[in-house]
Every structure is written in C-alpha cells, then in structure tokens.
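Protein chains in written order, with the numbering used here: chain A, 1 to 278; chain B, 1001 to 1425.
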Amino acid sequence: MKYEQPVFIIEPGRRTDLHYWRDIWRFRELFFILSWRDILVRYKQTLLGVAWGLIRPLTTIIIFTVVFQRLAGLPSDKNIPYPLMILAALLPWQLFANSFSEAGMSLVSNANLLSKVYFPRIIIPVSSIIVNFVDFIISAFILAFLMAWYGYTPDFHLIALPIFIILTCAAALGTGLWFAALNIRYRDVRYIVPFLIQVGLYVSPVGFSSSLIPDKWRVLYSLNPMASVIDGFRWAILGGGVSVNWLQFSISTLIIFGTCVSGFLFFRHVEKSIVDVM
Amino acid sequence: MQSVISVENISKQYVIGRRKDESFLTLRDEICSFFGKAKSLFNRTSLQHYGSSEEFWALKDISFQAWQGDRIGIIGKNGAGKSTLLKILSRITEPTSGRISLRGRVASLLEVGTGFHPELTGRENIFLNGAILGMSRAEIKTKFDEIVAFAEVERFLDTPVKRYSSGMYVRLAFSVAAHLEPEILIVDEVLAVGDLQFQKKCLGKMQQVGNEGRTVLFVSHNMGTIRALCNKGLYLIEGNIHKTGSIEEVISAYTLHHASNKGIVTFGQQNTDFVARILSIGVISAGYTNYADTLPFQAPFTVEVIIESNNELEAVVGIGISNSIGEIITTLHSVEIGEEPTIEKLKNLKFKKGINKFYLNINSNILRPGTYIIGCTIFSRSLWQAFDDKPNCITFEVTNHNENRYFDERQSGMVFLSDSQWENR
C-alpha cells in the first residue's frame, strides 16, 4: 500500500533546465486544452465565425491590389497575378502579426490564471500561436481557391513551404516571448505592439515584390526577418518565377534563431517574478 | 515516518514600487529614468531619487512540517502572509530564501473556477478547469459523471456558463476541484460559496478528503469551518509563525491575541462621520471601581460601555460574550433584558448628544472558570443597522478561588447552571 512518493524541492533560483522541460512535457495536456479553449472561443464568440477568417484576408487583397498595382502601378514578378502575389505574402504576414501580438499580450490577458495556478508559463504564449495557425489554414484555402481560379499550379518548390511556415512561427515566438515578458514589466509595451505591426506591414514586402528593392540595400533589408520569410513563401507557392536572395535568407534565419533563443532566455528570466510584478 | 511537507526557513520579500506614488512601471519611465541618471551624472545631483524602493517581508523564516493525513488550518489577519505561503507552496511564486520539500502530487485551489470561460459550456469548462487544476483528460473522463452529479447541473451541461446562475457556476467549479485526488491539497478560502446546503456538502467532501489520508492546508477566516475541517493549526502574524499546535489551541490563541486583557479597551477616534460610536468597553467586578481582568467564579460584575453620540438618539446596545475559541455563548441586548420587554415597547437606550456611559450589571455570573471575550455593538432602534461594531475586543478570566472545588477543565468556556440539583426519585 505505502509506496515512496517522488520528492519535489522548492528553492529560490532553482533553474534546472531539465526540470523545466520535464514540466512542459507534464503539462502538455494543459497546453492542448488552452489552445483548444482559445480556438473554440474565437469561433464561438464572433458572430461571423469562420467567415471572419475569410473576410479579413480578402479585403486586404482587394485594397492592396487596388492601391499597389492599379494606383501605384507596381509590377508583379514574371506576370504572376497580383492578387496571388499579395495573398502568398499575406498568409505568413498575418500568421506572424497575429501570433506576435497575441503572444505579446497573452500573459497580461491570462493574469488571473497565472496568479492562481502553477504551470510552465511558456505554455501561454506558445498556445496563442497555435490558435492563429488555425486562421492560417483557413486563409490557405482561399489561396488554393484563388490559384485554381487563375489556373495557376504550384511546382515542386511547394515542398519547401513547411520550412517557411516554421520560420514564421519561430519569428512570432521569438518576438512574442520578448514582448510577453516586457509587457509584464512595462505596461506601455502594449501600445507599441500594434504600432510595430502596422509599420511592419508596409516595411515588409506584402503589398509589393521585394525585387523592387535595390541590391545594395538587400543586406539591410534582411534585418527584417519577415521580408525573407515572405519571399520564401512566394518562392515556394508561386514557383521559380520568384527570385530568392539566399544571402538575405541566411541572415534572416540567423536573426530569427537569435530572437527565439534570446526571447526564451529572457522569458525564463522574467518568468520567476511574473506573479510578483503583475 | 517521513513528513509530507517540510518547510525550512522560508522567507519572501516583495519590493513595492520604485517611488511611493507609482503603482506600475512603464517603459517610458524606465527610459526617462535612464536619461535622468545620465543627466544627474553630469549635474552631480543626488541619485537617490531614482531606484529608492520599499522592501516588505511577506514571510520571514517560516519553518514547519506536515505529516500524512494532517489537515492544517492557517490562521491570521489579512496581510499576515497566509496567501503568500500558499502561493509559494503551490509554486506560483518563488521564495526569496529557504527550502521546501514536498512528497507527492500537489493540487492547489486558490480560487473557485480558475480559468472558467463564460462562453464555453459546462461540459467544456469541466475539461478546461480539470486540466488547469492538474487532472489528466482520462482522469476527468472517468470522474465526469460524478462531477456533474455533485454539482447538480445535469440539465445545463451544454449551456454556456455565462447563462448559469451564480449558484450553479460555483457548484460546478467547486465540484471539479472536489474531485482532485492529490496527495497534498492546498485550499484558500473557497468554501464560503454557494448556499448553505451546498456549503455543507462541500465541507463533508473536504472532511472526506482529509480522512482518506491526504494532507490538506487550508486558509480561512471562518473559525467554524477551520475547526470543523482541520486537526492542526498554524497562526501567522506579520509573516512569522506565532503559534502551531492543535487547532483548538491555535484558534484560541488567535481570538485571544486580538483582545485586550487589561479589563478595559479604548478605541481611537478617526473620523467625524458617525451616528454613534463606542469609545471604550470595560469590565468591573461588583463592589469595585477599578477595571478587572479576572473575576472570581460566580461573582457578579458590570460591563461599562462609553458611547459618543452625534445627536439625541434612541438605540440598542448589545454585549456579546464568547468563549476563548470565539464561539458566542450569550448576547445581552438592551431590548431583551430588564423588566418585561415587549415587542410594542422595546427598551431602547436613550443617547444624549456627546458622551454617554452605560452599565450592564450581570448579577448571576454563570460562566465556568476559563477565558471569555466581550464584544459590543450599537444597533439602530429596530436592529436594522449597526452603527458601530466591536466584536471580541476584551478578555477576562473567570477563576476558581475555592481550591477544594472540582471543575472539569475541559468544560471551560461553557456556562454553569449552578442552581440545579441531582435527585433520585
């Protein structure tokens, strides 16, 4: 009947990483359930439900096509239909922007939960990325439909798409972790995030092709990691007609990786005092 | 036998604000403060304006142990560190120093219905809340019917909980929590929910948890609940352990600690916005003029209440006498005592504007030897409203001076109906 229970030790500054990863594994069900909750709530709460996932990208495509192609007269790559070019970029951009802003706000909006129950706090920002992934899948159906409409078939480059999806999520996770942690400490960070996203939309090649950027600015341009990821998406979906600057791509990947690692470390550093500061 | 919970020298420090007027910090302030510092380096002005912070020890050097099956009630005033202790034990926050070892799975219930989402249905919330409290999906599935039956919400399982009545909501939330099966259960003041009948049901469930050999740590301000649930107590004052021991001893220390034992207690006068208020309460042994903290067994005594009234007023003054664990033994309201009180002609006391002195003569003292606590309340004429309430604020001892007389110590705190005889018919 009596058996030895495992002993758990609580001590200040106990930061054994092995322990942390084991905890994350132990709380994996909570992670799924929190993601499931957010997905359920998102599609229950909005009157339009799934339709909302369709309306947002469609409106943006129409506006961007009118503004960038018709009014500004910007060229498309190798005669790819302009709406396709925009949607192929909008897909990763929206995945990134929504995940980043929601992950950044996630700790604050779950403050009550955090102050009442223990679990590895990293579950919260990560699960908000999962939720936006569902939106991403819905938008992907629009893209498939639009491609069929234009009679445009993707080629073998499509195999590389998962790499770019992972990079998008990683970029969102890295920045999201940074801002989630900053948000706990500084309450005005929440006003910075929408501003950054708004600027990012125009700085990244969403409404136009990055082939418009002169070569001498390319390295500077790659400091915005989303620029390369968006190029990669166009390359994978719309085929070889789109050119990819591989130097730019490697720099961006390194930056994304660096953001992720530093974001994780910073998050871990702040995590211990989250409840006390909040 | 090994202890299930072993807490060694736990301390927790909070740093409150950088400057007093600042409730939270913004990035803007941080940047300004950075430039401020840089500037002050050149100006050679004082740096102390920045970074001055107040330290506050919520817990200081707490050590205790709990064994399997212990049900420990944690008692203390607000801010004594009870919640901080529970938060550290449930790993929500880290201690500043010290060490805790826990043997077994810990579940903490610091709030009823943590994570409940109003848009989700009862069924969905059971899974959500269960997972948040640390149950696995399989575990929730096997207990699902039990949880629903306990909460009595079968008919509304597929209704979003935002449409639930507050009673249903609380019942469902508690029911999920009640079906946790950890080795160590940590509970913060959550039983004071729902209607009386459901509270009893919860209390029964909690007692059952204790009897199953689990270790329970329980915080509440309700001494009745604590006494019913716990077998041991831990009394915290300002982050220090003041007393540990059996729950009766600890509750008694708590109730006595807050009362004066000098035979008189006076109250400060803070605001001017009052109808009538109690200035002091004193106990006087009959035949004496001084205040007394001890009274001989069966000796009559007088309770003096000094009241300041803002106007001429008719009101009711009530005295309550409690035993050392805070249970009220008797109340003596001005409307109930005296000569033939009737409903039509209640005996209100007449207050004049200014200072009023009232004396309640207790002629037959039937309190057994022991410690008692007096509190006083001023009610409006029809008892609708309390103008002032000072519960459990002064203690006195009833002592037995006759050495030959036998008293069962365990009966202290009870009344003694002395004018009685046993008879064999």
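Note that the Cβ used here is the ideal one computed from N, Cα and C, for glycine as well.
| Item | Value |
| --- | --- |
| Please return the same chain residues whose Cβ sits closer than 7 Å to the Cβ of Phe27/A, not counting the five positions on each side in sequence. | Phe119, Pro120 and Ile123 |
| Cutting at 7 Å between CB atoms, please list the residues of its own chain near Val1148/B, excluding the five before and the five after it. | Glu1154 and Leu1157 |
| Quick one: which unbroken alpha helix (DSSP H) runs of 4-plus residues sit fully inside the stretch 136-195 of chain A? Chain order, please. | 161-185 |
| Return the residue from the list Gln1199/B, Thr1395/B, Phe1358/B and Val1316/B that minimises the CA-CA distance to Trp1384/B. | Val1316/B |
| Would Ser1280/B and Val1265/B be called neighbours here (beta carbons separated by less than 8 Å)? | yes |
| What residue ranges within the stretch 1227-1252 of chain B form continuous beta strand (DSSP E) runs of no fewer than 3 residues, ordered along the chain? | 1232-1237 and 1240-1246 |
| Quick test of your reading: Lys1237/B and Gly1076/B, contact by CB under 8 Å. State the CB separation rounded to the nearest angstrom. | Residue 1237/B is actually Ile in this sequence, not Lys. Confirmed, Cβ separation roughly 6 Å. |
| Measure the Cβ-Cβ separation of Asn1356/B and Ser1309/B and say whether it is below 8 Å. | yes |
| By the three-class DSSP mapping on this structure, what secondary structure does Arg1103/B have? | strand |
| When you compare the stretch 54-61 of chain A with the stretch 132-142 of chain A, are there three or more beta-carbon pairs, one atom per stretch, that lie closer than 8 Å? | yes |
| Measuring only between beta-carbons, confirm whether Lys272/A sits less than 8 Å from chain C. | Any reference to chain C falls outside this structure, whose protein chains are A and B. |
| Using a Cβ-Cβ cut-off of 8 Å, state whether Ala170/A counts as contacting chain B. | no |
| Do you know offhand how far Cys260/A's Cα is from Asp215/A's? | 28 Å |
| By a C-beta neighbour count over all protein chains shown, 10 Å radius and 16 as the cutoff for buried, is Cys1032/B buried or exposed? | exposed |
| Compute the Euclidean distance between the alpha carbons of Ala1138/B and Phe1127/B, then round it to the nearest angstrom. | 10 Å |
| At 9 Å on the CB atoms, spell out the chain A contacts of Gly1115/B, in chain order. | Leu34, Arg37, Asn110, Asn112, Leu113, Lys116 and Val117 |
| Could you tell me the alpha carbon to alpha carbon distance between Lys1162/B and Phe1301/B, rounded to whole angstroms? | 57 Å |
| With which residues is Arg1277/B paired in a DSSP beta bridge? | Glu1308/B |
| At the 8 Å Cβ level, is Ile9/A part of the contact set with chain B, yes or no? | yes |
| Do we get a CB-CB distance below 8 Å when we pair Ile197/A with the residues of chain B? | no |
| Could you run through the stretch 85-103 of chain A and flag, in chain order, every residue whose CB is less than 8 Å away from some CB of chain B? | none |
| Can you check whether the C-beta of Asp276/A is within less than 8 Å of a C-beta belonging to chain B? | yes |
| Between Val126/A and Leu173/A, which are expected to be in contact by the criterion C-beta below 8 Å, what is the C-beta distance as a whole number of angstroms? | 7 Å |
| Taking C-beta to C-beta, are Ala89/A and Val270/A nearer than 8 Å? | no |
| Where does Gln1208/B sit, in a helix, a strand or coil, going by DSSP? | helix |
| Since Val1004/B and Arg1103/B are thought to touch, with beta carbons under 8 Å apart, how far apart are those beta carbons, to the nearest angstrom? | 5 Å |
| By a C-beta neighbour count over all protein chains shown, 10 Å radius and 16 as the cutoff for buried, is Ala144/A buried or exposed? | exposed |
| By the three-class DSSP mapping on this structure, what secondary structure does Ala1286/B have? | coil |
| For the stretch 1119-1131 of chain B, which residues have a CB atom closer than 8 Å to at least one CB atom of chain A, in sequence order? | Glu1119, Leu1120, Glu1124, Phe1127, Leu1128 and Ala1131 |
| For the stretch 1093-1104 of chain B, which residues have a CB atom closer than 9 Å to at least one CB atom of chain A, in sequence order? | Thr1093, Glu1094, Pro1095, Thr1096, Ser1097, Gly1098, Arg1099, Ile1100, Ser1101, Leu1102, Arg1103 and Gly1104 |
| My understanding is that Tyr1359/B touches Thr1395/B, with C-beta atoms under 8 Å, so please give their C-beta distance in whole angstroms. | Not really, about 19 Å apart at Cβ, beyond 8 Å. |
| Going along chain A in order, which residues have a C-beta closer than 7 Å to the C-beta of Arg1163/B? | Going along chain A, no residue has its Cβ under 7 Å from Arg1163/B, so there is no contact; the nearest lies around 13 Å. |
| Output, in chain order, the set of chain B residues within a Cβ distance shorter than 7 Å of Leu107/A. | By Cβ distance, chain B contributes nothing, its closest Cβ being about 14 Å from Leu107/A, past 7 Å. |
| Should Gln1048/B be flagged as near chain A, meaning a C-beta pair shorter than 8 Å? | Confidence at Gln1048/B is low in this model, with a pLDDT of 43, below 50, so the placement of that residue should be treated as unreliable; the coordinate-derived value is given next. No - not a single Cβ of chain A is within 8 Å of the one on Gln1048/B. |
| Just the Cα atoms here: how many angstroms apart are Asn224/A and Ile213/A? | 13 Å |
| Does the beta-carbon distance from Ala1131/B to Leu196/A come in below 8 Å? | no |
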